[in-house]
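Take a look at the structure below.
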Amino acid sequence: MPVEYAKAPVEDSVAKVNDEIAVGSDLAFQRKWWRFERAVWALFVLIVVLDVAGAFGRGPIADAALRAPDGSFLVKYERIERFRTPSIMSVLFSPAAIHDGKARIWLSEKYVDPLGNQRIIPQPLTSVPERGGILYTFDVGERQLGTQLQDPTIQFALEPGKAGVFKLQIGDVDGAEVQTMIYVMP
Amino acid sequence: MGTIGRAILGYCFMLGVVRVIGRRPGAQMTPFEFVLIFFIGGITIQSIVGDDRSMTNAVCVVMTVGMMHVLVAWLKQKYPAFGRVVDGTPLVLMENGEWIPETMHNMRVQDTDIMAAARARGLKDLTCVKYAILERNGAISVIEVETKEGGGPAEDDKSSAGAEGDRTGHP
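So the sequences go chain by chain: W and C.
Heads up: the first sequence begins at 39 in the working numbering, then just goes up one per residue.
Heads up: the second sequence begins at 706 in the working numbering, then just goes up one per residue.
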């Protein structure tokens, strides 16, 4: 059964200006709204400035580096990542960390999974599950030892598939380990 | 599920942003406003849809946005205060042939905007305008100064072609 609505007389319910034109304006409300608008604009400007600075990732504030306690490797990473946004984490090995032309690095699985490790450059010789993570072995060549050449660098191409806070743990076979928190913005 | 949540969040965010930016974008589509609307829409849709380009996702997002629209319309009708927040209220820009500078300044409306509305009504200059009202949808309604010739009705209380009622279908 369709609902039937009774007809109602028209009432002059809209507020008039100068008692001659029905506008229904509410200047008191509008003044409050203008103040609110300005506060929101200020907030927008603040957010944009913070974004440029990297407070939400991909900027100077987000860039970070961690050195192993024994100086065997240096990790350059973004402490603030963004959901589904590619980034690069680099691990630089010092000559002391290279044995028989090989460098080894261990990454916690808790880090590898949520941060979406897409590929590793160069490709590791081996990837072995170990201590709740993966131990990677890279061929970096003997020539790096004791030379002035640039420290061998491994790059991890990341693309986080989850937003949240994740613990980063990286270590080597000698027991040197660094850990920190990575924030992934939605 | 994530897409639906992002669509709801995106709808609320867009509604809020467009509201605090001001009314001009909705009604007076100069190239300046076109750039704004297309940019905001284009950038938002990427994060809402994500990498799920399936028809299922598109249909669900469209239905979500449609239902959000119905919900907001219902809330506006049920709670007038909510309607004022979402749509604002009409504002008088010119009263008895005098500017209201506070409203003009805060709504970022120029005299040329009012003249454009006056021309649409067939008026030759601003001295012919008695009232100019910025409607909730951003259109400017113009009420003419009464004409003494012919002793006809004092004022024509029909609003300009861009008036809100004409566009939305309801007052």
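A virtual CB, placed ideally from N, CA and C, is assigned to each residue, including glycine.
Bear in mind that the values here come from a model prediction, so they are computed numbers and not experimental data.
query                                                                                                                                                                                        : result
Only counting the same chain, and skipping five residues up and downstream in sequence, which positions put a Cβ closer than 7 Å to that of glycine 857/C?                                   : In this predicted model, glycine 857/C has a pLDDT of only 42, less than 50, meaning its place in the structure is not dependable; the value taken from the coordinates is given anyway. Counting only Cβ-Cβ distances below 7 Å, and skipping sequence neighbours, we find nothing.
Answer yes if the region 158–167 of chain W comes into contact with the region 706–722 of chain C, meaning at least three C-beta pairs across the two stretches below 8 Å, and no otherwise. : no
By DSSP's criteria, tyrosine 836/C is part of a beta bridge. Which residues make up the other side?                                                                                          : Ile848/C
On the DSSP letters alone, give me the boundaries of the alpha helix (DSSP H) that methionine 768/C sits inside.                                                                             : 760–783
List, in order along the chain, the chain C residues whose C-beta lies closer than 9 Å to that of glutamate 75/W?                                                                            : Arg724, Val725, Ile726, Gly727 and Asn811
I want to see whether chain W comes within less than 8 Å of isoleucine 709/C, judged by CB atoms only; does it?                                                                              : no
In whole angstroms, what is the alpha-carbon distance linking aspartate 210/W and tyrosine 115/W?                                                                                            : 17 Å
Anything in chain C within Cβ reach of aspartate 64/W, meaning under 7 Å, just list it in chain order.                                                                                       : Arg789 and Thr794
How about valine 48/W and lysine 54/W: are their beta carbons less than 8 Å apart?                                                                                                           : no
Which residues in the same chain have their Cβ closer than 7 Å to the Cβ of proline 98/W, if we skip the five residues on either side of it in sequence?                                     : Ala91 and Gly92
With hydrogens ignored, establish whether the beta-carbon of aspartate 57/W is closer than 7 Å to any heavy atom of the ligand MG.                                                           : This structure lacks the ligand MG; in fact it carries no ligand of any kind.
Asparagine 801/C versus chain W: which residues are under 8 Å apart at the beta carbon?                                                                                                      : Asn56
For lysine 829/C, which of Trp779/C, Met820/C and Thr794/C has the nearest alpha-carbon?                                                                                                     : Met820/C
Are the C-beta atoms of aspartate 756/C and some chain W residue less than 8 Å apart?                                                                                                        : yes
What residues of chain D sit near tryptophan 144/W, judged by a beta carbon separation below 8 Å?                                                                                            : The chain inventory of the structure shown lacks chain D, comprising the protein chains W and C.
Restricting to Cα atoms, I'd like to know which of Ala712/C, Thr852/C, Val850/C and Gly843/C is closest to aspartate 792/C.                                                                  : Gly843/C
Can you tell me where the beta strand (DSSP E) with leucine 798/C in it begins and where it stops?                                                                                           : 796–800
When you compare only the Cα positions, how much space is there between phenylalanine 743/C and isoleucine 750/C?                                                                            : 11 Å
Using the Cα positions of leucine 145/W and glycine 771/C, report the straight-line distance between them to the nearest angstrom.                                                           : 46 Å
Using the Cα positions of alanine 80/W and glutamate 738/C, report the straight-line distance between them to the nearest angstrom.                                                          : 21 Å
In or out: lysine 835/C buried (at least 16 other Cβ within 10 Å) or exposed?                                                                                                                : buried
Where arginine 789/C and lysine 781/C are concerned, what is the direct C-alpha to C-alpha distance, given to the nearest angstrom?                                                          : 8 Å
Using a Cβ cut-off of 8 Å (strictly closer), state whether glutamine 68/W contacts chain C.                                                                                                  : yes
Please return the same chain residues whose Cβ sits closer than 7 Å to the Cβ of serine 125/W, not counting the five positions on each side in sequence.                                     : Glu116, Glu119 and Leu196
Pick helix, strand or coil for isoleucine 172/W, following the three-state DSSP scheme.                                                                                                      : strand
Can you tell me whether threonine 794/C is buried or exposed, with buried defined as 16 or more other CB within 10 angstroms of its CB?                                                      : buried
Buried or exposed, going by whether 16 or more other CB atoms sit within 10 Å of the CB of threonine 769/C?                                                                                  : buried
With a Cβ-Cβ cutoff of 8 Å, do valine 725/C and glutamate 75/W count as a contact?                                                                                                           : yes
Using only CA atoms, which one of Val178/W, Arg142/W and Gly179/W lies nearest to serine 165/W?                                                                                              : Arg142/W
Using a Cβ-Cβ cut-off of less than 7 Å, list which residues of the region 821–843 of chain C approach chain W; keep chain order.                                                             : Tyr836 and Ile838
Does DSSP put methionine 719/C in a helix, in a strand, or in coil?                                                                                                                          : helix
Measuring only between beta-carbons, confirm whether arginine 157/W sits less than 8 Å from chain C.                                                                                         : no
Work out the CA separation of valine 766/C and leucine 206/W for me, nearest whole Å.                                                                                                        : 35 Å
Going by C-alpha distance, which of Lys148/W, Thr175/W, Leu84/W and Phe131/W is nearest proline 107/W?                                                                                       : Phe131/W
In chain W, which residues lie less than 8 Å from valine 797/C when you measure between Cβ atoms?                                                                                            : Val55, Val61 and Ser63
For leucine 796/C, which residues in the same chain have their Cβ closer than 6 Å to its Cβ, ignoring the five residues on either side in sequence?                                          : Thr808 and Leu839
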